[in-house]
Structures are given as C-alpha cells and as structure tokens.
Amino acid sequence: MSKTGENTPDLEGDAKSGPKGDDSSVSFGNQLEEGFWNLQLENLKKAINDAETSVSHLDVKTNKRVAQILLEGLMQIWESRRNRLNPNEIFSDSLTIKSCENKILALDIMVTTFEEDENDKADRDIAKASAVARSTVMGAPGAIASPGRRPNTYLPKLPLATFQGDLLQWPSFIDMFEAAINSNVNLTNLEKMQYLKSACSGPAAKVIEWFPIEEKTIKSH
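Letter by letter, the sequence shown follows residues 1 to 221 in UniProt numbering.
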C-alpha cells in the first residue's frame, strides 16, 4: 500500500494562498484608485487656479467649465473611495471637495459679473451711437428740430460769397446769402448778422461796420 499522505495536496496551504492573492489584488486596486483620485484632484485645482487668474471673460468661463467637469469625475471616484476610508480620511476628503465646490461657486459669480459688465458696456455703446446718429440727423440741411429743443447749428459746407460794394455783384451775392444763411432755420438772427458782416469787405463792410450785432438789427435790414 502506498504511504498515506505522500501525494495528498496541502489543502491548508492552498486555502491560505487564495486570500493572499485576493489581498494583493485589493491592495493594487486601492493604489490605482488613490492614483486616479490624486491626479483628478490635481487637475481640478489647476483648472480652478487658471480660472481665478484669467483676465478675459471667455477664459474664466472656459476654465470654470473644465473645473466643473473635473469635479464631477472626482465625485465618481469619491463614491467608490469613501467605502475603504476611516472617518478622519473621509472628513479630510469632504473638506477638500467642499473647498473646490465653493471656489467653483465663486467663479460662477465672477462669470455673471463679467456678463453684466459686458451688457452694460454694450448698452452704453448703443446709447452713444444713437446720440451721435441723432446729432448727425439734426445737423443735416432741412432737418426739423424737436419742439422745445434748440436745433444744432448747421454751417454751410461751401465757402460763402463775399460782397465788396459793387452793385453789379449785389444780386448774385444776396441770392447766395439768402439761400445759404438767411433761410437757414437752424441759425439765429444774431448768427445771421455775424455771417453778413464777415461776408462783406471794402466799401460794403464800411456801410454795415457800425451796425450792432443784435436781434432787432437783422430783422430791420
């Protein structure tokens, strides 16, 4: 008979080797998960810092969105990771996550502020452009002024004709002066008189030299 136990497998040894293999697998899985956690957390902190130090609205908004996505990934790792942590480690990780959430919330406020500032600037630019457009229209020939508001003075673009006292030149001069100055509703009588004085020279200037520049003067001449 063969000796009992010579070729019998060591069941106790085999039983012990199984759990050791499982422990090794669990340990490796934990280390891998720890590595993922640290990498995700590092990238998250970098994205938050990039957003906080950005100067343009687009950069802040982009980096904040990246940080939000990384935080979502970190929370997925956390759901698995927390089951093997002790209370102190859970508390530490919870503080880290809460800190990141608060910083992202602050970035949301920063983005909103940027958008409000840009909207205010756009409104100011539109108002300024509208004011310029209204001013241009009011200054155009034939423009009608709004009631209760003095229209912008429109100056003729062509050089005014001058009159030196030659009676033969008087008809053409007065026609041009009437069309360019006297019929311009955007000019006051005082301004019209000033134009008349500046257009006359020589003997003609001497004739009106002593005319006072007053409202009643232009009405009576």
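We put the CB at the ideal spot given by N, CA and C, even for glycine. Just so you know, these numbers come straight off a predicted model, no measurement behind them.
Short of 6 Å in beta carbon distance, which residues of its chain neighbour residue i, apart from the five on each side in sequence? Order them along the chain.
{"i": "residue 107", "result": "51, 64"}
{"i": "residue 195", "result": "181"}
{"i": "residue 130", "result": "none"}
{"i": "residue 57", "result": "114"}
{"i": "residue 103", "result": "48"}
List the residues that DSSP assigns as beta-bridge partners of residue i.
{"i": "residue 100", "result": "In DSSP, residue 100 forms no bridge with anything."}
Going by DSSP in three states, residue i sits in which element: helix, strand or coil?
{"i": "residue 201", "result": "coil"}
{"i": "residue 86", "result": "coil"}
{"i": "residue 209", "result": "coil"}
{"i": "residue 120", "result": "helix"}
{"i": "residue 50", "result": "helix"}
{"i": "residue 166", "result": "coil"}
Quick one: residues in its chain with C-beta nearer than 8 Å to the C-beta of residue i, no 5 flanking neighbours on either side, listed in chain order?
{"i": "residue 85", "result": "93"}
{"i": "residue 82", "result": "90, 93"}
{"i": "residue 170", "result": "163"}
{"i": "residue 203", "result": "164, 165"}
Could you spell out where the alpha helix (DSSP H) holding residue i opens and where it closes?
{"i": "residue 183", "result": "Taken as a continuous stretch (DSSP letters only), residue 183 belongs to no alpha helix (DSSP H), as it is neither H nor E."}
{"i": "residue 161", "result": "Neither: residue 161 is in no alpha helix (DSSP H) and is coded neither H nor E."}
{"i": "residue 58", "result": "57-81"}
{"i": "residue 175", "result": "170-177"}
Spatial neighbours of residue i within its chain, please: C-beta separation below 7 Å, excluding the five flanking residues on both sides.
{"i": "residue 66", "result": "47"}
{"i": "residue 60", "result": "51, 54, 107, 110, 111, 114"}
{"i": "residue 105", "result": "none"}
{"i": "residue 73", "result": "40"}
{"i": "residue 44", "result": "67, 70, 71, 74, 100"}
{"i": "residue 36", "result": "77"}
Check the Cβ-Cβ distances between residue i and every residue of chain B, and say whether any is below 7 Å.
{"i": "residue 60", "result": "In summary, chain B is missing from the structure at hand, where a single protein chain is found."}
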